[in-house]
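Numbering (the working numbering), first residue to last: 67 to 373. Notes to accompany the following structure.
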Ligand SMILES: [Fe+2]
Ligand SMILES: [Fe+2]
């Protein structure tokens, strides 16, 4: 496989939140871990969307990358099932904001896919992986996550490089991608508000959640700057300008208010809507159910994470 890329635009250090040694302890923190891993599980299931982008790949190297990515994402599904089974967690539906960010935000073009889902979206997931690696007090799970994280890093790198290529000489596309990214950052802020209101505040890890999510948004902004999507920090951009970029990006579709974003899928891919997909049915999928009921931590199928 050709090595597309040099390095991610942000370092592990920049993307690391210092939880000061606070830990998530299996058993004790079962409810929290169950919530967190169910969001991850859904995110990995949305890896089926890679198939759509493989068909849209602009060149052979990109096609090879995506073919490999699709395998990696399905292996991540198995990784998470394995971790959940080891920790005695049940599979449950993901939060609507997560479903919106991972499925409702599905890109309408190659540029949107690489900028929003890969650079920004997988960038966000990567930081959440780092946070779990740094806090989860369960070595076998952390070992599995460490292997998966290397692959997620490559997905982010690819997204960054492809975004930079796509926007070269296209200021209109840059504006559109910024508008769309602002909405996903708003989604993360909503997620932070939800988690802040629902999760216990006196927990040593969770009490850090809101500064952690603030860091994820700062990193998203740093990445936008380094990719050349924006040329100044978002704080220097007026509210009116941001609102205009969002409105422009959505073609005035959502002037009725951003609140509707949670109930309506954002942009409707002609082939994506109305049809039940694995993202709707995975919780009752026989293979997934079997993996969870094995209870011995071994995945039902023979797939193993590529190291
Ligand atoms: Fe993944
Ligand atoms: Fe990924």
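Think of the CB as a built atom: it goes at the ideal place given N, C-alpha and C, for glycine as much as any other residue. The structure displayed is predicted, hence computed values, not measured ones.
Exercise. When the distance is taken between beta carbons, is residue 168 closer than 9 Å to residue 109?
Worked result: Position 43 of the chain shown, counted from the first residue, corresponds to residue 109. Position 102 of the chain shown, counted from the first residue, corresponds to residue 168. Result yes, Cβ atoms of residue 109 and residue 168 sit closer than 9 Å.
Sort 208, 195, 183 by Cα distance to residue 228 and report the nearest one.
Taking the first residue of the chain shown as 1, we reach residue 228 at position 162. Per the Cα distances, 183.
inquiry  = Just verifying my parser: in three-state terms, what is the DSSP assignment at residue 349?
reply    = Start at 1 with the first residue of the chain shown, and residue 349 comes out as number 283. Reduced to three states, the DSSP call for residue 349 is helix.
*Taking only the alpha-carbon atoms, compute the straight-line gap between residue 304 and residue 313 and give it to the nearest angstrom.*
The residue given as residue 304 occupies position 238 in the chain shown. The residue given as residue 313 occupies position 247 in the chain shown. Whole-angstrom Cα-Cα distance: 14 Å.
- Taking only the alpha-carbon atoms, compute the straight-line gap between residue 218 and residue 208 and give it to the nearest angstrom. Indexing the chain shown from 1 puts residue 218 at position 152. Indexing the chain shown from 1 puts residue 208 at position 142. Approximately 15 Å between the Cα atoms of the pair.
By the DSSP assignment, the alpha helix (DSSP H) with residue 140 in it spans what residues? As a working mapping, residue 140 is identified with position 74 in the chain shown. Its alpha helix (DSSP H) spans residues 126 to 152.
Along the chain, where does the alpha helix (DSSP H) containing residue 96 start, and where does it finish? Indexing the chain shown from 1 puts residue 96 at position 30. Element bounds for residue 96: 96 to 111.
Check your understanding: Going by the C-beta, is residue 225 closer than 8 Å to any heavy atom of ligand 1?
Key -> Numbered from its first residue, the chain shown carries residue 225 at position 159. Incorrect: residue 225 has no Cβ contact closer than 8 Å to ligand 1.
**Item:** Opposing strand residues paired with residue 202 [DSSP bridges]
**Value:** Here residue 202 refers to the residue found at position 136 of the chain shown. Answer is 90, bridged to residue 202.
| field | Straight-line gap, residue 92 to residue 151 (C-alpha atoms, nearest Å) | value | Taking the first residue of the chain shown as position 1, residue 92 is located at position 26. Taking the first residue of the chain shown as position 1, residue 151 is located at position 85. Between residue 92 and residue 151, the C-alpha separation is close to 12 Å.
Just to check, is the beta-carbon of residue 191 closer than 8 Å to a non-hydrogen atom of ligand 1? By 1-based counting over the chain shown, the position of residue 191 is 125. Under cutoff, so the answer is yes.
- Are the stretch 230 to 243 and the stretch 178 to 193 touching by the rule of at least three beta carbon pairs closer than 8 Å? yes
ask   = Are residue 161 and residue 260 touching if we call contact CB-CB under 9 Å?
value = Counted from its first residue, the chain shown places residue 161 at position 95. Counted from its first residue, the chain shown places residue 260 at position 194. In contact: residue 161 and residue 260 (Cβ atoms closer than 9 Å).
Open item on the list: If you measure between the beta carbons of residue 83 and residue 193, is that distance less than 9 Å?
Closed with: Here residue 83 refers to the residue found at position 17 when the chain shown is read from its first residue. Here residue 193 refers to the residue found at position 127 when the chain shown is read from its first residue. Contact: yes.
*Around the Cβ of residue 87, are there at least 16 other Cβ atoms within 10 angstroms (buried) or fewer (exposed)?*
The residue labelled residue 87 in the question sits at position 21 within the chain shown. Its Cβ having fewer than 16 others within 10 Å, residue 87 is exposed.
Can you tell me the Cα-Cα spacing of residue 190 and residue 106, whole angstroms?
-> The sequence position of residue 190 within the chain shown is 124, counting from 1. The sequence position of residue 106 within the chain shown is 40, counting from 1. Their backbone Cα atoms lie some 11 Å apart in a straight line.
So what's residue 169 in DSSP terms, helix, strand or just coil? As a working note, residue 169 is residue 103 in the chain shown. In this structure, residue 169 counts as helix in the three-state DSSP scheme.
Exercise for the section: Please name the residue, chosen from 200, 116, 104, 159, that lies closest to residue 144 on a Cα-to-Cα basis. Expected result: In the chain shown, residue 144 corresponds to position 78, counting from 1. Closest option to residue 144, Cα to Cα, is 104.
Residue 126: buried (16+ other C-beta within 10 angstroms of its C-beta) or exposed? Locating residue 126 in the chain shown gives position 60, counting from the first residue. A residue is called buried once 16 or more other Cβ atoms fall within 10 Å of its Cβ, and residue 126, having fewer, is exposed.
- Message: Using only the alpha-carbon positions, how far apart do residue 239 and residue 185 sit?
- Response: Within the chain shown, numbered from 1, the residue matching residue 239 stands at position 173. Within the chain shown, numbered from 1, the residue matching residue 185 stands at position 119. Rounded to whole angstroms, residue 239 to residue 185 spans 15 Å at the Cα level.
How should residue 148 be labelled, buried or exposed, when 16 other C-beta atoms within 10 angstroms of its C-beta is the threshold for buried? Numbered from its first residue, the chain shown carries residue 148 at position 82. Counting Cβ neighbours within 10 Å, residue 148 comes out buried, since at least 16 surround it.
request  = State yes or no: is the C-beta of residue 218 nearer than 8 Å to some heavy atom of ligand 2?
outcome  = Here residue 218 is taken as the residue at index 152 of the chain shown, counted from 1. Distances from the CB of residue 218 to the heavy atoms of ligand 2 include at least one below 8 Å.
Notebook entry, point to check: Is any heavy atom of ligand 2 found at a distance shorter than 8 Å from the C-beta of residue 113?
Noted result: Here residue 113 corresponds to residue number 47 of the chain shown, with the count starting at 1. Yes, Cβ of residue 113 sits closer than 8 Å to a heavy atom of ligand 2.
Residue 187 CB to nearest heavy atom of ligand 1 below 8 Å:
On the chain shown, residue 187 is found 121 positions in, with the first residue counted as 1. No, since every heavy atom of ligand 1 falls outside the 8 Å radius drawn around the Cβ of residue 187.
Quiz item: Can you list, in chain order, the residues of its chain whose CB lies under 7 Å from that of residue 153, leaving out five sequence neighbours each side?
Solution: Position 87 of the chain shown, counted from the first residue, corresponds to residue 153. Once the five neighbours on either side are set aside, the close Cβ partners of residue 153 are 92, 99, 204, 207.
Practice problem: Assign residue 356 to one of two classes, buried (16 or more other C-beta atoms within 10 Å of its C-beta) or exposed (fewer than that). | Solution: For the purposes of this step, residue 356 is identified with residue 290 of the chain shown, where counting begins at 1. Under this definition residue 356 is an exposed residue.
Using only the heavy atoms of ligand 1, determine whether one of them is closer than 8 Å to the beta carbon of residue 183.
What you label residue 183 is simply residue 117 of the chain shown in a count that begins at 1. Not so, every heavy atom of ligand 1 lies at least 8 Å from the Cβ.
Problem - Limits of the alpha helix (DSSP H) - the one that residue 251 falls within - result: As a working mapping, residue 251 is identified with position 185 in the chain shown. That run of the alpha helix (DSSP H) goes 237 to 264.
**Message:** So the candidates are 214, 344, 187, 352; which of them puts its Cα closest to the Cα of residue 283?
**Reply:** Start at 1 with the first residue of the chain shown, and residue 283 comes out as number 217. Distance from the Cα of residue 283 is smallest, within the candidate group 214, 344, 187, 352, for 187.
* Just mark residue 121 as buried or exposed, buried being the case when its beta carbon has 16 or more other beta carbons within 10 Å. => The residue labelled residue 121 in the question sits at position 55 within the chain shown. Classification of residue 121: exposed, given that the 10 Å Cβ count is below 16.
*Would you kindly work out how many angstroms separate the C-alpha atoms of residue 157 and residue 349, rounded to a whole number?*
Counting from 1 along the chain shown, the entry for residue 157 is found at position 91. Counting from 1 along the chain shown, the entry for residue 349 is found at position 283. Their backbone Cα atoms lie some 7 Å apart in a straight line.
Query raised in the report: In its own chain, which residues sit with a C-beta less than 8 Å from the C-beta of residue 73, not counting the 5 before and 5 after it?
Result: Translated into positions along the chain shown, residue 73 becomes position 7. 223, listed in sequence order.
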